[in-house]
Amino acid sequence: MGLIFPKDYDPRLSVRETQEAIKYIRDTFQKEFGREMNLSRISAPLFVPKSSGLNDNLNGYERPVSFDVPWWPGETVEVVHSLAKWKRMALKRYGFKPGEGLYTNMNAIRRDEELDNLHSCYVDQWDWEMVIDKADRNMNTLEGTVRMIFRIIKHMEHEVWYKYPNAVNKLPDDIYFIDSETLLQMYPDKTPKERENAITKEHGCVFISRIGEKLSNGEPHDGRAPDYDDWQLNGDILFWYPTLNCALEVSSMGIRVDEDSLAEQLKKAGCEERAELPYHKMLLNKELPYTIGGGIGQSRLCMLLLDRAHIGEVQASIWPQDMIDECAKHNITLL
């Protein structure tokens, strides 16, 4: 995307006021989110053993940060990319039933991220997962859950407006649903990001479904690991963001693979060897619950609600010195 500097940018809150607002949004949102979605707050790991197969492979090329520990000879430990698989194991381990779920604060390091207004090598999100019946693995369940999350974000907008009326960003009143193939047919000459921008600018907030599967042009809308989301039952929530003149992804989520879709997607992705990993064996043997889950970016949500120009204004990370200096010239203070 490259670095964008909005003309005459005014953050409207001081750095200390911003820090207070960040805490308010994070504390308030997770309480409302947990209550409305029937999710229990649990603790989660910062790293997992590589041999478990629990780490998220994302698009397949990102390198996890890894290290060894002296008391575990021969094992490599990886800092998580996300907790997509770990959460499903936790639901089984802790005895969650259909209609019940969990959420956790997930912190990750993505060393290969290209830094810009929206991307940092530090990731902070609410990872959540809920047990469902196999009969509920359908689009109605997915869209109903998306609408609930959208309503919670809209209510959060009202809460922030009440406390910080001069800083809150006005969000659209509804969310529009479209699948990635239909979007391709609408804009056949555009790139996936250009298609996202076009449809999100038109509707204000959209959920683009079916991400990971190859489309009619032979390319997927975006990369997705084959072993957590069902590519036919997933998607992203995006808001149009006038401050940066682009679509802002706030959540990636979906109904998770069952034993059939896992085997099919591993084959399509050319990584059938993963079927021998402990997590994948359990899934193929129907030993794990059927679930729906995803992640909601904490800094992305703060950025959206406070109408900030750079994610570094709402999270503490590391940035190139030239980016820090250039942002400062445009009234953008990176934490």
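Note that this note's numbering has the sequence shown beginning at 25, numbered continuously upward.
Idealized CB from N, CA, C, for every residue including glycine.
**Study point:** When Ile235, Asp346, Lys353, Ser323 are compared against isoleucine 46, the one with the closest alpha-carbon
**Key:** A check of alpha carbon separations from isoleucine 46 across Ile235, Asp346, Lys353, Ser323 identifies Ser323 as the nearest.
Check your understanding: By how many angstroms is the C-alpha of valine 89 removed from the C-alpha of glutamate 102?
Key -> Just so you know, the alpha carbons of glutamate 102 and valine 89 end up roughly 6 Å apart.
Check your understanding: Does the distance from the CB of asparagine 164 to the CB of leucine 329 come in under 8 Å?
Key -> When the beta-carbon positions are compared, asparagine 164 and leucine 329 stay at least 8 Å from each other.
Point to revise | Environment of glycine 119 [buried if 16+ CB atoms lie within 10 Å] | key: Exposed, by the Cβ-count rule.
Review point. Excluding sequence positions up to five away, which residues of its chain have a Cβ less than 8 Å from the Cβ of lysine 109?
Key: Contacts found: Gly77, Leu78, Asn79, Asp80, Asp251, Tyr252, Tyr303.
Point to revise | Three-state class that DSSP yields for glycine 125 in the structure shown | key: When DSSP states are grouped into helix, strand and coil, glycine 125 belongs to the strand group.
**Study point:** Reference lysine 111, options Asp198, Thr315, Cys145, closest by Cα
**Key:** Checking every option, the nearest Cα to that of lysine 111 belongs to Thr315.
**Study point:** With 16 other Cβ atoms within 10 Å as the buried cut-off, status of threonine 224
**Key:** Classification for threonine 224: buried.
Practice item. Report the three-state DSSP secondary structure of threonine 315 (helix, strand or coil). Key: The DSSP-derived three-state label of threonine 315 is strand.
**Study point:** Every unbroken beta strand (DSSP E) within the region 37 to 117, with a cutoff of 3 residues, ordered by chain
**Key:** Listed in chain order, they are 63 to 65, 71 to 73, 101 to 103.
Exercise for review: Quick one: give me the first and last residue of the beta strand (DSSP E) that glycine 259 is part of.
Suggested key: Counting along the chain, the beta strand (DSSP E) containing glycine 259 begins and ends at 253 to 265.
Check your understanding: Is there contact between the region 149 to 158 and the region 306 to 315, where contact requires at least three CB pairs shorter than 8 Å?
Key -> Here the region 149 to 158 makes contact with the region 306 to 315; the two share three or more CB pairs at distances below 8 Å.
Review point. Considering only residues of the same chain and omitting the five flanking positions on each side of leucine 358, which have a CB-CB separation below 7 Å?
Key: Correct list, in chain order: His334, Gly336, Glu337, Trp343, Ile348, Cys351.
Point to revise | Expected contact under 8 Å - CB spacing of glutamate 283 and leucine 307 to nearest Å | key: Contact holds; Cβ gap of about 6 Å.
Point to revise | Contacting residues, own chain, Cβ-Cβ under 7 Å from arginine 36 (five flanking each side not counted) | key: Only Asn190, Ala191 meet the Cβ criterion.
Review point. First and last residue of the beta strand (DSSP E) that includes tryptophan 343?
Key: No beta strand (DSSP E) holds tryptophan 343; DSSP gives it neither H nor E.
Review point. Just reading off the beta strand (DSSP E) that glutamine 149 is part of, what are its end residues?
Key: From DSSP, the beta strand (DSSP E) with glutamine 149 extends over 146 to 155.
Practice item. Reducing DSSP to helix, strand and coil, say where cysteine 295 ends up. Key: DSSP places cysteine 295 outside both helix and strand once states are collapsed to three, so it counts as coil.
Exercise for review: Excluding the 5 residues preceding and the 5 following tyrosine 188 in the sequence, name in chain order all residues of the same chain whose CB lies nearer than 6 Å to its CB.
Suggested key: Annotation for tyrosine 188: Ala45 place their beta carbon closer than 6 Å to its own, counting only its chain and skipping 5 residues before and after.
**Study point:** Spatially closest choice to glutamate 205 from Cys229, Val184, Gly236, Lys178, by CA coordinates
**Key:** Ranking Cys229, Val184, Gly236, Lys178 by Cα distance to glutamate 205 puts Gly236 first.
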